[in-house]
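Each remark here refers to the structure printed beneath this line.
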Amino acid sequence: MPKAHPKPYKPGLVPATANNRPHCLCTDRIHLWLPVAPNPASAPVGYALSSPDIAARVLDLLSLAWTAETRSGYGTGLLVFHVFCDGKVPPVPDHLRGPASEALILEFIASCAASFAGDSVSVYVNGVKAWHTVHGMPWLTDKVRLRTALMAATKLVPESSKRPERPPLLLQEIVAIHDHLDLTTGMDAAIYACLTTAFWACTRLGEFTV
-3 MPKAHPKPYK PGLVPATANN RPHCLCTDRI HLWLPVAPNP ASAPVGYALS
47 SPDIAARVLD LLSLAWTAET RSGYGTGLLV FHVFCDGKVP PVPDHLRGPA
97 SEALILEFIA SCAASFAGDS VSVYVNGVKA WHTVHGMPWL TDKVRLRTAL
147 MAATKLVPES SKRPERPPLL LQEIVAIHDH LDLTTGMDAA IYACLTTAFW
197 ACTRLGEFTV
């Protein structure tokens, strides 16, 4: 299987060039984007290990705590965070991005709140937190203040991110569908089994049918 290559950054999400933040796959940013360590107390895990190869293996291992899908969302959040830091006047120095102060994290949430859906803001912040975890940096933001800020962000969801509510699927509609299916055929039987299982189990259809 050929190795995947990172896609170009999207307009408006292009970080400043930095040797410690190479252009890589979104799923790899958490461990490949290295923080700057101004002192031993905040040094990434890999800096204290015996060799660069072992350090890389440890970072790879820690990043595998999350699924590829989660790492992708976290990688996007890390990108948004660094673009936010780059865009401040003056830009936030690297050594202040990790470990990030509570003030910086709360300002980051405030900057995202009016532009992204609340769930996305939460994923982005968790991505920055995961980056801290993988590289052995302390997380300085108070849990209560963080939770409060993220709750507030969900109330500022832009209209463009909202979808109109859809009417529920009713039991009589399932009966009507049943009456138009031939359950002696494999396809119709599979459709009806999928429909009724998703209905009675209250599952997300998009996830159940993947």
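Take the sequence shown: its position 86, counted from the start at 1, is 82 in the numbering used here, and no numbers get skipped. Note that the Cβ used here is the ideal one computed from N, Cα and C, for glycine as well. All values derive from a computational prediction rather than experimental measurement.
**Q.** Exposure label - Y5; buried when at least 16 CB within 10 Å
**A.** Counting from one through the sequence shown, the residue named residue 5 turns up at place 9. Its Cβ having fewer than 16 others within 10 Å, Y5 is exposed.
Q | Span of the alpha helix (DSSP H) around S68 | A | Counting from 1 along the sequence shown, the entry for residue 68 is found at position 72. Element bounds for S68: 64 to 83.
Q: Using three-state DSSP, classify A14 as helix, strand or coil.
A: Taking the first residue of the sequence shown as position 1, residue 14 is located at position 18. Coil at A14, not helix or strand.
Q) Helix, strand or coil: which one does DSSP assign to A149? A) Numbered from 1 along the sequence shown, position 153 holds the residue referred to as residue 149. The answer is helix: DSSP assigns A149 an H, G or I state.
Q) Any idea if L166 is buried or exposed, counting beta-carbon neighbours within 10 angstroms, 16 or more meaning buried? A) Along the sequence shown, one-based indexing puts residue 166 at 170. By the 10 Å Cβ count, L166 comes out exposed.
**Q.** Cut-off 7 Å between Cβ atoms - residues of its own chain near P18, not counting five sequence neighbours on either side
**A.** Position 22 of the sequence shown, counted from the start, is the residue given in the question as residue 18. Contacts found: L28.
**Q.** Nonlocal neighbours in the same chain, by C-beta distance under 6 Å from V32, ignoring five residues either side
**A.** The sequence position of residue 32 within the sequence shown is 36, counting from 1. For V32, where only same-chain residues beyond five positions count, the Cβ hits under 6 Å are D90, H91.
Q) How many Å lie between T72 and H174 at the Cα? A) Counted from its first residue, the sequence shown places residue 72 at position 76. Counted from its first residue, the sequence shown places residue 174 at position 178. When rounded, the distance between both Cα atoms is 43 Å.
Q. Span of the alpha helix (DSSP H) holding T193?
A. Residue numbering aside, residue 193 sits at position 197 when the sequence shown is read from its first letter. That run of the alpha helix (DSSP H) goes 182 to 197.
Q. Pairing CB atoms from the stretch 132 to 141 with CB atoms from the stretch 86 to 106, are three or more of them under 8 Å?
A. yes
Q) Between H128, R200, C20, which lies nearest to H1 when the distance is taken from Cα to Cα? A) The residue given as residue 1 occupies position 5 in the sequence shown. Cα-wise, what sits closest to H1 is C20.
**Q.** Cross-strand partners of R93 (DSSP beta bridge)
**A.** Counting from one through the sequence shown, the residue named residue 93 turns up at place 97. According to DSSP, which records beta bridges pairwise, R93 is partnered with A96.
Q: May I have the straight-line CA-CA distance separating S107 from A149, to the nearest angstrom?
A: Against the sequence shown, residue 107 aligns to sequence position 111. Against the sequence shown, residue 149 aligns to sequence position 153. Taking the straight line joining both Cα atoms gives about 10 Å.
Q: Look at the Cβ atom of G123, then the Cβ atom of F77, and state whether they are nearer than 9 Å.
A: Along the sequence shown, one-based indexing puts residue 123 at 127. Along the sequence shown, one-based indexing puts residue 77 at 81. In contact: G123 and F77 (Cβ atoms closer than 9 Å).
Q. By DSSP, does P4 sit in helix, in strand, or in coil?
A. To locate residue 4, count along the sequence shown from 1; it is residue 8. P4: coil per DSSP, three-state reduction.
Q: Along the alpha helix (DSSP H) that carries L28, what are the first and last residues, could you check?
A: For this step, residue 28 is matched to residue 32 along the sequence shown. L28 -> alpha helix (DSSP H) spans 25 to 28.
(Q) Just checking: is the beta-carbon of E161 within a distance shorter than 9 Å of some beta-carbon in chain C? (A) Given the protein chain composition of this structure (a single chain), no chain C is represented.
Q. Taking the alpha-carbon positions, what's the L190 to P160 distance?
A. Residue mapping note: residue 190 aligns to position 194 of the sequence shown, counting from 1. Residue mapping note: residue 160 aligns to position 164 of the sequence shown, counting from 1. Note that residue 190 is Cys in the sequence shown, not Leu. Cα to Cα, C190 sits roughly 25 Å from P160.
Q: Mark A109 as exposed unless 16 or more other C-beta atoms lie within 10 angstroms of its C-beta, in which case mark it buried.
A: Within the sequence shown, residue 109 is the residue found at index 113, counting from 1. With 16 or more Cβ atoms within 10 Å of its Cβ, A109 is classed as buried.
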